[in-house]
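Heads up: the structure comes next, in structure tokens.
In this note's numbering, the protein residues as written are 61 to 674.
Structure below.
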């Protein structure tokens, strides 16, 4: 029972009233009445003793002792007087002279015991003798009279308790219980129970008015809820329709971008491959080199725009795998080494990572972050060096990996540092800026790091260089099982690698033949999936490179034929070769049986690295 509830207050009030009434009826009033009764008895005894004393004095003076017999009548007329004794003083000793009523003189048990009687005395002074009269009242009779009064008070108190309890129960039933019921009904309404009937008693008093108000409130709220449900259903239908339209628009946009990406990457593959071959055949040619750089820049722009669009539309989806950190750093160095073909800028990679450290991380996204940072450092450094430093410490199942990319390039103005990472922002803006790009590279880096729970730290001095760093807290994983796979060896010292290239575009076949001649590769060409399938069944190959988008039967059908044919070795290495660069598609190609996915455009150096890993 809560202290603030009406029932608690009513209980306390009635309890306090009962205590007060009980104190009054059982103690205060009886005590007062006993004292008043005692005073009355003593007053009457005083009056009787004085009357008897006067009667004795008159009888002695008039020598008429017959008047003393009137004392018996006097005592009989006063029920509060039990006896009267006349004492005579003889030589200082009080001796009984006469006892009234007279029959007490013959009662051997009669004595003036103060514990048995209430006694009051009065002096007698006459010419014959001196003495005094004592008048008494039976104490037991006095107590019986008082006890009768106590019993009356007990009965009165019991009656009061019964009346109080009846009143308490009546109020609790008629007021407290209905109010509680109304409160429970209000709570039910507040909790959403609008369709359950309210358990309220029909009444015509104020409580009934409260109940009627709650019933009306329920009806109003139910009507409002039905109206809101209708509005919500309408809005949900609209939202679903808009969501469906939006999803269709996003799907159409994704399909459009995918198609545009594919159609751009396919000719770019031919352009970059032809320009690379031209540079290798004719040596230094500024026009050809500029064309190659422009084509590579265009590829970077396409990749950045596609990544940014994907992040904005769908967010970053990380796909952690178990990665050996030292191997990752070595592979990354080989990947970006071709960016530093100029003798003016040197690449230096340093790491203090043990070979037994394996972590869970999205290696492709981490690689993308570092490629963007190193690519920027290379682009904005005309001479000097770019240093990539990786440090890692493992403790309690977690690895703290610190990545640092520093350069001796042009640096960044202090006011511009805070804006790095904004989409389409470059520190060198305006018509006179000397460096190309969309300004999306660092924005992509920032987005990926935030998805990984990290942030990019930048320190730069204008004219002296910049430093970009970030820290990743990664779970430590157990090392993957090792296999006796020989380390990659240059193709130039091995037997020619037997490569089957399944591609329907003649231009792509042409450039693959040109690159194969430079890489000690025995190349077989197939113009369709069916032709490639026939080659695979008849001849052994070290690697099959399959274009995905082909007429009649595409690359996904070919890999299904290969993986389900019991006559084809299950360990045959098959790479997908596609202009689709969306991560979802790359993951899909890996899931249906391809050992690896290569994306167009592919340079000779990229092809060489891929072949060495077969």
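We put the CB at the ideal spot given by N, CA and C, even for glycine.
As the structure is a prediction and not an experimental result, all values here were calculated from the model.
Opposite residue 159 in the DSSP bridges: which residues? 145
Alpha carbon to alpha carbon, how far is residue 433 from residue 427? 10 Å
In terms of residues, what are the limits of the alpha helix (DSSP H) holding residue 203? 199–231
For residue 558, the residue or residues it bridges with in DSSP: 582
Give the secondary structure of residue 419 by DSSP, where H, G and I count as helix, E and B as strand, and everything else as coil.
strand
| message | From the DSSP secondary-structure annotation, give me the bridge partner or partners of residue 650. | response | Answer is none; residue 650 lacks a bridge partner.
Would DSSP call residue 123 helix, strand or coil? coil
Use the C-beta contact count for residue 664: other C-beta atoms within 10 angstroms, 16 or more gives buried, fewer gives exposed. buried
Discussion item. For residue 544, which residues in the same chain have their Cβ closer than 7 Å to its Cβ, ignoring the five residues on either side in sequence?
Written reply: Since pLDDT at residue 544 reaches only 44, below the 50 mark, its modelled position is unreliable, and the value read off the structure follows with that caveat. Contacts found: none.
query = Looking at the unbroken beta strand (DSSP E) that takes in residue 519, where does it start and where does it end?
reply = 517–521
### Message
By the three-class DSSP mapping on this structure, what secondary structure does residue 304 have?
### Response
helix
Q.
Only counting the same chain, and skipping five residues up and downstream in sequence, which positions put a Cβ closer than 8 Å to that of residue 523?
A. 470, 471
How far does the alpha helix (DSSP H) with residue 388 in it reach, from first residue to last?
385–396
message: Quick test of your reading: residue 564 and residue 587, contact by CB under 8 Å. State the CB separation rounded to the nearest angstrom.
response: 5 Å
So what does DSSP say about residue 470, is it helix, strand or coil? coil
Where does the unbroken alpha helix (DSSP H) through residue 619 begin, and where does it stop? 615–624
Identify which residue in 503, 416, 385, 455 has its Cα closest to the Cα of residue 449. 385
Quick one: measure Cβ to Cβ for residue 459 and residue 536, integer angstroms, because I've assumed they're closer than 8 Å. 5 Å
| query | DSSP on residue 247, reduced to helix/strand/coil? | reply | helix
**Asked** Are three or more beta carbon pairs between the stretch 192–212 and the stretch 144–156 nearer than 8 Å?
**Response** yes
Could you say which of 467, 119, 644 lies nearest to residue 520 if we only look at CA atoms?
467
So for residue 180, helix, strand or coil by DSSP?
strand
Quiz item: What three-state label does DSSP hand residue 514 in the structure shown?
Solution: coil
Which runs of the alpha helix (DSSP H) at least 4 residues long sit entirely within the stretch 412–466? Give them in chain order. 423–439
Q) DSSP three-state call for residue 192: helix, strand or coil? A) strand
* Could you give the distance in angstroms between the alpha-carbon of residue 540 and the alpha-carbon of residue 417? -> 11 Å
request  = Would you mind sorting residue 52 into buried or exposed? The rule is 16 or more other CB atoms within 10 Å of its CB.
outcome  = The structure shown does not extend to residue 52, since the chain is modelled only from 61 to 674, so the question has no answer here.
Alpha-carbon spacing of residue 611 relative to residue 562, whole angstroms | 12 Å
Distance between beta carbons of residue 531 and residue 462, contact taken as under 8 Å = 5 Å
Euclidean distance between Cα positions of residue 296 and residue 247:
29 Å
Residue 406 bridges to which residues according to DSSP? 445
Worksheet entry | Supposed close pair residue 274, residue 245 - CB separation, criterion 8 Å | 5 Å
Practice item. Report back the beta-carbon spacing between residue 379 and residue 422 to the nearest angstrom; my notes put them in contact at under 8 Å. Key: 5 Å
On the criterion of 16 or more Cβ atoms from any shown chain inside 10 Å, does residue 647 qualify as buried, or is it exposed?
exposed
Rounded straight-line distance, which links the Cα of residue 572 to that of residue 670 | 14 Å
Checking 8 Å against the spacing of the C-beta atoms, do residue 607 and residue 638 come in under that value? yes
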